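Peer 1: Encoded as structure tokens, here's the structure I'll be asking about.
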């Protein structure tokens, strides 16, 4: 995919609220795919690289990462109001929906049908996660091959394949990654 | 269902504490949620927890809304609200201020270095959690096919994958996957 350098649009507050509400309402199978699609592909409010950078920051903050992302992005657009509107959009519709489902469950309690649908939905959701991961790896792959690739692959192998404890892997790779980033920019 | 302030305080305390350790998103906190709701507090049975998890998964939105359901199950609408705010509130305030500092030092060398260091690691972690999710979801050859087809179609094409979820739900309902 070619990079198109163009003046990037900035959302208005109503657009911000609407965008996060749509991310939430469409957000089957996790909201990462839908956030990236909205931010990078549809509205072009961020480049692929900027999205990765924001995701990386939010991933290392405590708490749910896309919720953090809504706060960080919303704050950039409209300060406290912006952060609040992005959060409201992301959490409001699912809150209403899931509470309604909770009400139905409390009264009927039989979700055998839902459990069966869940098997299919979970498989599709996993597929969506695979394609999102691949897309997010693209900016890394576009760079000249080098140290960041090794760090990314080592993290993937250590946590995902070897299943070593995440804090051990990060305890080794994080200082290494910082040292190497410093060395490149020294 | 009880609506006394004690249970709301318990929900608020436990979920705000949990949120602070939930690095890597709500998925990372699921085992802890299970332990709290089923083993420690006896709010629900193992089966009920699995049901609530499934309901949250087929509801669109961030995975964290399973917390809303647990809160609702324990103390109705007030419980849903308290659990959600406790799980998201403190970390959102934190993210707000970190975001502000992060922006203020946009051009600072230390920020560029940390950012350059975090991106590959977060992509590695994303890849690792993708492997785990794929392993759990791909239990039969049918689910593996559905998963890989979804991945290929959404990677190549820009079309909205909502219809894939509709088909996947129907296939699941029909017992075809």
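Chains as they are written, first to last, in our numbering: chain A, 201 to 386; chain B, 99 to 275. The C-beta atom is built at its ideal place from N, Cα and C for all residues, glycine as well. All values derive from a computational prediction rather than experimental measurement.
Reducing DSSP to helix, strand and coil, say where residue 97 of chain B ends up.
Peer 2: In the structure displayed, chain B extends from 99 to 275; residue 97 of chain B sits before or after that span and is not available.
Peer 1: Over what stretch of residues does the alpha helix (DSSP H) that includes residue 253 of chain A continue unbroken?
Peer 2: Per DSSP, residue 253 of chain A belongs to the alpha helix (DSSP H) from 248-260.
Peer 1: Using a Cβ-Cβ cut-off of 8 Å, state whether residue 170 of chain B counts as contacting chain A.
Peer 2: yes
Peer 1: If we cut at 8 Å on Cβ distances, does residue 264 of chain A have a partner in chain B?
Peer 2: At least one CB atom of chain B sits nearer than 8 Å to the CB of residue 264 of chain A.
Peer 1: Measuring straight from C-alpha to C-alpha, what distance separates residue 164 of chain B and residue 209 of chain A?
Peer 2: 34 Å
Peer 1: Anything in chain B within Cβ reach of residue 245 of chain A, meaning under 9 Å, just list it in chain order.
Peer 2: Chain B residues near residue 245 of chain A: none, gap ~15 Å exceeds 9 Å.
Peer 1: Measure the alpha-carbon distance for residue 292 of chain A versus residue 383 of chain A and round it to whole angstroms.
Peer 2: 44 Å
Peer 1: Taking CB distances under 8 Å as the criterion, tell me whether residue 285 of chain A reaches chain B.
Peer 2: no
Peer 1: In chain A, which residues lie with their C-beta within 9 Å of the C-beta of residue 222 of chain B?
Peer 2: 351, 352, 353, 354, 355, 356, 357, 358, 359, 360, 369 and 373
Peer 1: Could you work out which residue in B:172, B:186 and B:256 is closest to residue 136 of chain B when comparing CA atoms only?
Peer 2: It is B:172 whose Cα lies nearest to the Cα of residue 136 of chain B.
Peer 1: Residues of the segment 129-154 of chain B with a CB closer than 7 Å to any CB of chain A: list them in chain order, please.
Peer 2: 149, 152, 153 and 154
Peer 1: Please state whether DSSP places residue 257 of chain B in a helix, a strand or coil.
Peer 2: coil
Peer 1: My guess is that residue 258 of chain A and residue 265 of chain A are in contact by the Cβ rule of under 8 Å, so how many angstroms apart are they, rounded?
Peer 2: 5 Å
Peer 1: Can you grab the Cα-Cα spacing for the pair residue 216 of chain B / residue 374 of chain A, in whole Å?
Peer 2: 8 Å
Peer 1: Quick check: is the beta carbon of residue 261 of chain B nearer than 8 Å to any beta carbon in chain A?
Peer 2: no
Peer 1: Cβ of residue 379 of chain A within 8 Å of Cβ of residue 266 of chain B?
Peer 2: no
Peer 1: Note down, in chain order, all residues in the segment 290-307 of chain A with a beta-carbon under 8 Å from any beta-carbon belonging to chain B.
Peer 2: 290, 291, 293, 294, 295, 297, 298, 299, 301, 302, 303, 305 and 306
Peer 1: Between residue 253 of chain A and chain B, is any beta-carbon pair separated by less than 8 Å?
Peer 2: yes
Peer 1: When you compare only the Cα positions, how much space is there between residue 187 of chain B and residue 114 of chain B?
Peer 2: Roughly 8 Å between the two C-alpha positions.
Peer 1: Indicate the three-state DSSP secondary structure (helix, strand or coil) for residue 242 of chain A in the structure shown.
Peer 2: helix
Peer 1: Check distances from the C-beta atoms of the segment 312-327 of chain A to those of chain B and list, in chain order, the residues that come in under 9 Å.
Peer 2: Of all residues in the segment 312-327 of chain A, 313, 314, 315, 316, 317, 318, 319, 320, 321, 322, 323, 324, 325, 326 and 327 have a Cβ within less than 9 Å of some Cβ in chain B.
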